[in-house]
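Visitor: One structure coming up, written as structure tokens, with questions to follow.
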């Protein structure tokens, strides 16, 4: 019976086989990866020995027709081991590709090209799009915080806020933001306009050997952004939506009754009669909770994105539409953007391919006021409005004046707030690529980045008090147009000879032009505050108009050679020659070379057979990059209009004056960078380790130096740009990533640490740069040879607890160092023991830059459930917490709740917060001192996200994931201010770390869905 | 490293730790190991509350002095002089010279300060200094004294009432009155018997002929500290006084209570002729005219009781001129040679002052640019800059009259240094200013409007100030009320009730 059956089957098989041979068949199937059990997108499926081939679609599926039943199919994908499978007459073949540990799995975008990660010789970090969209934020850089070592990203709250990004420290004072390049087109220093959902990946070029190809603008690092492209196959829809709310902590200031007590106590302690205005013995219930009156408990944030992609062998496309909106915590202030993107690519034949990307957008925003300080300082005994009996037709007059201080009514300020902008922009980025030879690719890309912005503002006429009023209304409109273009032409040649010598050479030419056209018109005294009259033409007085045009151009020649021998010894050299309109004749051009090498130790014969390392590579690089972040006209002497006062009866006459003094010898600022790194993969590629040491130093740093007065220019405009400064940044980065899969549980843990030390070798030679104003003094001192932005002040040595303490604080002859001190005041140290407390007793009291930065990233996936957690922290950084002045009640300001108990009120009652004093003769709160300096170290949970993917069968094969996110849900810190992160964002790199009570990073809670079909 | 070497190293480590741990923390070795010596200049110091005393002496120690501690719990003194920290090394000899201020309100009489010298080896020696609060360091003062020049009119009996009051913070011993040429006043000594205040008043009969007498009064306290005042008394016919004052108080004490002088300086309009302008706040106010500031004697012009239409110069006869209308300005003209006078009144509305804007109105041209930013206009007492002005309150009845609501607490010896100025948010000067420029006439507050645009156009008096601020000194500690009349350009700084 069995034998009969066999015969039957053989005959049947033969018949079908013959039929198939004669007919040719169509084979379908799916390609998945062995490691992640996920679809492999874009894998090539080729009938061996023919030109017949397809690529897998977004689900990893393929369909290939006209296949001989006895043919062999070849499945290949960069990063995976190639597989060859005999069809054997089958019409469905599913394939599992194994990762190729030797080749690694990533393709990395580099400047003007793309390489396998294994071929990299420089320091480049990659973040995938899905890691970016984990975080719902207006700026994609917010999502990078803690994910890349050596990159310090400091954010602040508020709609449309742009985070401060420092890549491997600071080597200049002229702008520190990196250069952003989207799909090969440099777009400047801000990517607020970009929809995070459009991003396929971001590559951060950290060292000069990677960034030197961007020459003049590479000194702060370069971030390459690749947007999502279409993949041949069936049309795929992706829809994602998330919505939720943001909230910020209430700083908990005193209510009315405590405020009154503190107010009077300040006078009482100074034996003065208090000048209290308003109801005596006011109760909390009778007062106003200004924080809750002004700051909303929640602010809406929402993000929607719809993408469609697909195509065939000829044409692939990706279309997306996104909407993002973030409200402020005030009743006014928001930012929203509508993004669209069309990315297409058409392959004419094996020689010619073209692409056309277009990304229009509309951004709108109403300015967000900064009233946190006002809400905290306002007299809580003051009502929001005057009594109704005093109201007038002008609603802005009906707000109450603060009874006991000079703070402007924040509720009134919000009511008057009326400024906003709308911006229309489009990036068009077509290219043509010709491949005349298999080894040679010619590519020309012409990108245009056009923006148009209209900004309107209106300040109403109002009168609340003589010190809180605007006698004239003011209306203005400003129009700005930016039109930048970039033409990039490259030729790439890639070949292998003698089997082991791999060469990849590229040469190119780029030209760029940047233009800005601006006009502004404004007038005062609009007849009334009506909405209908908020037009410049309605103003009746003080008409002003101004406008200008600014242009910049850059022309560059680029070249790069990448060579490796037997995938073991790598050498890369690049050069860029830049010519910029920002520099004078003779100095317009500069050359930025780089060279880097790598030894892929794992490829050596002696490593064969060992089981510890799956990858081991040592890298070293050197390069020079430049910086041209200065005024377009920095080398020119310019004039501007100015008013003079002439005559016996002085009158104003409009004339001109020298606006700036030029320097005809101005040249590029150059940064020289060294990098040494090691990449390791261990334990069956479950653990990846990367360690880098780096050092970079700027020379000829551009700096505005005070001109010698003998030239006759007045001091306010005689500063001249010169190449005189030098700064140095050095540090290390360590990145550890573990990923594994245990049964249905796959998980990953990433840790990155970095430490950077920034030093100023020389500024201008004019002496220390003092900055950060504080009661007529300066908080920050930058001096040649020292670290930057450090706090310089007196050392607060606790509080005088009694009269004996006060009288003991003398020099050796009994002369009191603080003549006005009383018990409860701060004791300042006489560091030089000269018996005088003066500038010579100041010392370094804080450093705002962290000693260590840390990121921890966790991911878990179990069956249909996933969980992500990201943490970011800095250690060793100090903050000058000027908000501590809210314990003083100076100028009648409100105070933190509990001040009555926290402030010194008798021996042993307090050791930090000094006594309440009206006159503060001891200058507890007016002197720059360590009293204000706090440890700003923190660890912040950036993201907690839990998701659940519903079974596909419920939605006919479609994938629906629901998730909940909490962004910034908690922070571990000893810092007493509102947000330990925000001060790092504010100010320039030489004036940072001061807490000015700016918009803190909010906690954000979101619900969202991802729907794919 | 083999096992034996390792064990040897492990054994050595605690020994190294022990040796290093036993070293003197500061690393100073003894030289002779003896106690320090301390030689103080005195064992007792006499001082007084609120005064500084100095402890001097010499400390020596061959090992090196580390610290010197001065301690007196009752005086809240506990100071350690860290010699090593100051000089970055121990000293073999240290010259102690330490000052300490006792508190002005110190009530104790005897205190003991313990001075302890400690050397680097921790050896110490102590000595005590007795501080007693019985020292007398202040010179006596005169709260009432004759003017520097006094004119006495020749009469049938020419007399001069010599009045003065001397005071001392501790104890007056005696007063010497010397008037050469006058019998009984040749260094006449009056015993004060250790009192803190001594008042003298005596009528002196002078020769009935023109002459000049130099009066010297010297007050001496128990410690021998002395203060003298001088006065020149001229006997003459009625002179043509260059200065004349209006007095609206009844006693000599009140007459001398104003820092700027209660007697209001009035205008001399011609030979022997004067004009007084005065704001009468209350009906029934009584006034006199005086050629001297500090006393009603020897000349006081008032109504002649025998003929109320005429004036008399005799303080014993003169009756006050009574102003019977409240809330108006009086203008009184008189001739001391003819002994005639006339009174008239005008309303506060008719009175003019130089104030450029309505007080408290929103009219301060902040940037002096024609008014792009107007703020509230007000003025007041200013000692620092126009950003910090103690605001005057305008009188409800008389818009030219201003005062500080809260009195000024002034200590004796305080040198007044202020102007009356408008408030400006950014501290800009010279928009609307009154100030005293003549120490001899501190009651006159001249107006200084920087430009005509900052002056009431109806005000035609020229600016009458220079560049100097007069700085009268306060004699008696207390609360003072500042009253300013912008029409009269007069200010009073008188004790608050």
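Chains as they are written, first to last, in my numbering: chain E, 1355 to 2367; chain Z, 3 to 499.
For glycine and all other residues, C-beta sits at the position ideal for the given N, C-alpha and C.
1) Among 2080(E), 1855(E), 1890(E), 1867(E), which residue has its Cα nearest to the Cα of residue 1830(E)?
2) Would you mind working out which of 1566(E), 1512(E), 1557(E), 1576(E) sits nearest residue 1530(E), comparing C-alpha positions?
3) Under the assumption that residue 2372(E) contacts residue 2021(E) (Cβ atoms under 8 angstroms), give the Cβ distance between them as a whole number of angstroms.
4) Determine the DSSP secondary structure at residue 1620(E), reduced to helix, strand or coil.
5) Who does residue 1519(E) pair with in a DSSP beta bridge?
6) Using a Cβ-Cβ cutoff of less than 6 angstroms, which residues in the same chain neighbour residue 2242(E) once the five nearest sequence positions on both sides are dropped?
7) Is the separation between the beta-carbon of residue 127(Z) and that of residue 119(Z) shorter than 7 angstroms?
8) Could you list the residues in the stretch 377–388 of chain Z with a C-beta less than 7 angstroms from some C-beta on chain E, going in chain order?
9) Using a C-beta cutoff of 7 angstroms, does residue 78(Z) count as contacting chain E?
10) If we cut at 7 angstroms on Cβ distances, does residue 502(Z) have a partner in chain E?
11) Take the Cβ of residue 415(Z) as the centre, count every other Cβ of all protein chains shown within 10 Å, and call the residue buried at 16 or more, exposed below.
12) What does a CB cutoff of less than 6 angstroms around residue 1375(E) pick up in its chain, not counting 5 residues either side in sequence?
13) Please name the residue in 362(Z), 152(Z), 172(Z), 99(Z) whose C-alpha comes closest to that of residue 141(Z).
14) Bridge partners of residue 1919(E), per DSSP?
15) Give the secondary structure of residue 313(Z) by DSSP, where H, G and I count as helix, E and B as strand, and everything else as coil.
16) By the three-class DSSP mapping on this structure, what secondary structure does residue 484(Z) have?
17) Counting only the same chain and skipping the five closest in sequence on each side, list residues whose C-beta sits under 6 angstroms from that of residue 1836(E).
18) Hey, does residue 2158(E) have any beta-carbon neighbour from chain Z nearer than 7 angstroms?
19) Report the rounded CA-to-CA distance for residue 1421(E) versus residue 1447(E), giving the unit in angstroms.
20) Which of the residues in the stretch 2108–2135 of chain E, read from start to end, lie with their CB under 9 angstroms from any CB of chain Z?
21) At a CB-CB cut-off below 7 angstroms, which residues of chain Z make contact with residue 1820(E)?
22) Hey, could you find the ends of the alpha helix (DSSP H) residue 1646(E) is sitting in?
23) Under 7 angstroms Cβ to Cβ from residue 283(Z), same chain only, skipping five residues before and after it: list those, please.
24) Note down, in chain order, each residue of its chain lying with its Cβ closer than 6 angstroms to the Cβ of residue 304(Z), except the 5 sequence neighbours on either side.
25) May I ask you to verify whether the stretch 2293–2309 of chain E touches the stretch 1480–1500 of chain E, counting CB pairs closer than 8 angstroms and requiring at least 3?
26) For residue 25(Z) and residue 33(Z), I'd like the C-alpha separation in whole angstroms.
27) Helix, strand or coil for residue 361(Z) per DSSP?
28) Along the chain, which unbroken stretches of the beta strand (DSSP E) at least 3 residues long are found entirely within the stretch 197–259 of chain Z?
29) Please classify residue 1999(E): is it buried, with 16 or more other beta-carbons within 10 angstroms of its beta-carbon, or exposed?
30) For a contact meaning CB atoms closer than 7 angstroms, what does residue 2166(E) contact in chain Z?
31) Tell me, to the nearest whole angstrom, how far the beta carbon of residue 1578(E) is from that of residue 1450(E); I am working on the premise that it is less than 8 angstroms.
32) Reducing DSSP to helix, strand and coil, say where residue 2117(E) ends up.
33) In this structure, does DSSP put residue 36(Z) in helix, strand or coil?
34) Quick check: is the beta carbon of residue 99(Z) nearer than 7 angstroms to any beta carbon in chain B?
35) DSSP on residue 1495(E), reduced to helix/strand/coil?
36) What does DSSP give as the partner residues of residue 2029(E) in its beta bridges?
Guide: The relevant details are as follows:
1) For the purposes of this step, residue 1830(E) is taken as the residue at position 476 of the first chain. Considering only alpha carbons, the answer is 1890(E).
2) Mapped onto the first chain, residue 1530(E) falls at position 176. In terms of CA proximity to residue 1530(E), 1576(E) leads the group 1566(E), 1512(E), 1557(E), 1576(E).
3) For residue 2372(E) there is no data in the structure shown, the boundaries of chain E being 1355 and 2367.
4) For this step, residue 1620(E) is matched to residue 266 along the first chain. If DSSP states are grouped into helix, strand and coil, residue 1620(E) belongs with the helices.
5) For this step, residue 1519(E) is matched to residue 165 along the first chain. Partner(s): 1507(E).
6) If you number the first chain from 1, residue 2242(E) lands on position 888. For residue 2242(E), where only same-chain residues beyond five positions count, the Cβ hits under 6 angstroms are 2279.
7) The residue labelled residue 127(Z) in the question sits at position 125 within the second chain. The residue labelled residue 119(Z) in the question sits at position 117 within the second chain. Contact flag set, yes.
8) Residues passing the 7 angstroms Cβ filter: 377, 378.
9) Taking the first residue of the second chain as position 1, residue 78(Z) is located at position 76. Yes, because at least one Cβ of chain E sits closer than 7 angstroms to the Cβ of residue 78(Z).
10) Any answer about residue 502(Z) is impossible in this case: the structure gives chain Z only from 3 up to 499.
11) Within the second chain, residue 415(Z) is the residue found at index 413, counting from 1. Label assigned to residue 415(Z): exposed.
12) The count along the first chain starts at 1 and reaches residue 1375(E) at position 21. Its pLDDT being 44, under 50, residue 1375(E) is placed unreliably by the model, and the measurement read from it follows with that caveat. The beta carbon of residue 1375(E) lies closer than 6 angstroms to those of 1423 in the same chain, with the five residues before and after it left out.
13) Taking the first residue of the second chain as 1, we reach residue 141(Z) at position 139. That would be 172(Z), whose Cα lies nearest to the Cα of residue 141(Z).
14) Here residue 1919(E) refers to the residue found at position 565 of the first chain. According to DSSP, which records beta bridges pairwise, residue 1919(E) is partnered with 1855(E), 1923(E).
15) Position 311 of the second chain, counted from the start, is the residue given in the question as residue 313(Z). DSSP places residue 313(Z) in strand when its eight states are reduced to three.
16) In the second chain, residue 484(Z) corresponds to position 482, counting from 1. Residue state, collapsed to three classes: strand.
17) As a position in the first chain, residue 1836(E) is number 482, starting the count at 1. A distance below 6 angstroms between beta-carbons, with the five flanking residues on each side excluded, links residue 1836(E) to the following residues of its chain, in chain order: 1805, 1870.
18) Position 804 of the first chain holds residue 2158(E). Yes, its Cβ sits closer than 7 angstroms to a Cβ of chain Z.
19) Here the question's residue 1421(E) lines up with position 67 in the first chain. Here the question's residue 1447(E) lines up with position 93 in the first chain. Approximately 12 angstroms between the Cα atoms of the pair.
20) Sequence-ordered contacts of the stretch 2108–2135 of chain E with chain Z are nonexistent [C-beta pairs closer than 9 angstroms].
21) The residue labelled residue 1820(E) in the question sits at position 466 within the first chain. Chain Z residues near residue 1820(E): 364, 377, 378.
22) For the purposes of this step, residue 1646(E) is taken as the residue at position 292 of the first chain. 1644–1648 is the extent of the alpha helix (DSSP H) around residue 1646(E).
23) Taking the first residue of the second chain as position 1, residue 283(Z) is located at position 281. Within the same chain, 328 come within 7 angstroms of residue 283(Z) by CB-CB distance, once the 5 residues on both sides are set aside.
24) Numbered from 1 along the second chain, position 302 holds the residue referred to as residue 304(Z). The residues are 290, 320, 321, 322.
25) Touching, yes.
26) Taking the first residue of the second chain as 1, we reach residue 25(Z) at position 23. Taking the first residue of the second chain as 1, we reach residue 33(Z) at position 31. Here the model assigns residue 25(Z) a pLDDT of 43, short of 50, so the residue's position is not dependable, and the following value carries that caveat. Their Cα atoms are separated by approximately 16 angstroms.
27) As a working mapping, residue 361(Z) is identified with position 359 in the second chain. It is coil, neither helix nor strand.
28) If we require 3 residues or more, the beta strand (DSSP E) runs fully inside the stretch 197–259 of chain Z come out as 199–207, 213–223, 228–238, 246–249.
29) The residue you call residue 1999(E) lines up with position 645 of the first chain. Residue 1999(E) comes out exposed.
30) The residue given as residue 2166(E) occupies position 812 in the first chain. In chain order, 83, 88 make up the part of chain Z whose C-beta sits under 7 angstroms from the C-beta of residue 2166(E).
31) Translated into positions along the first chain, residue 1578(E) becomes position 224. Translated into positions along the first chain, residue 1450(E) becomes position 96. The pair is not a contact, with the Cβ atoms about 32 angstroms apart (cut-off 8 angstroms).
32) Indexing the first chain from 1 puts residue 2117(E) at position 763. Note: residue 2117(E) maps to coil in three-state DSSP.
33) Counted from its first residue, the second chain places residue 36(Z) at position 34. DSSP places residue 36(Z) in coil when its eight states are reduced to three.
34) In the structure shown, chain B does not exist; the protein chains are E and Z.
35) For this step, residue 1495(E) is matched to residue 141 along the first chain. Of the three classes helix, strand and coil, the one that applies to residue 1495(E) here is helix, per DSSP.
36) As a working note, residue 2029(E) is residue 675 in the first chain. According to DSSP, which records beta bridges pairwise, residue 2029(E) is partnered with 1975(E), 2048(E).
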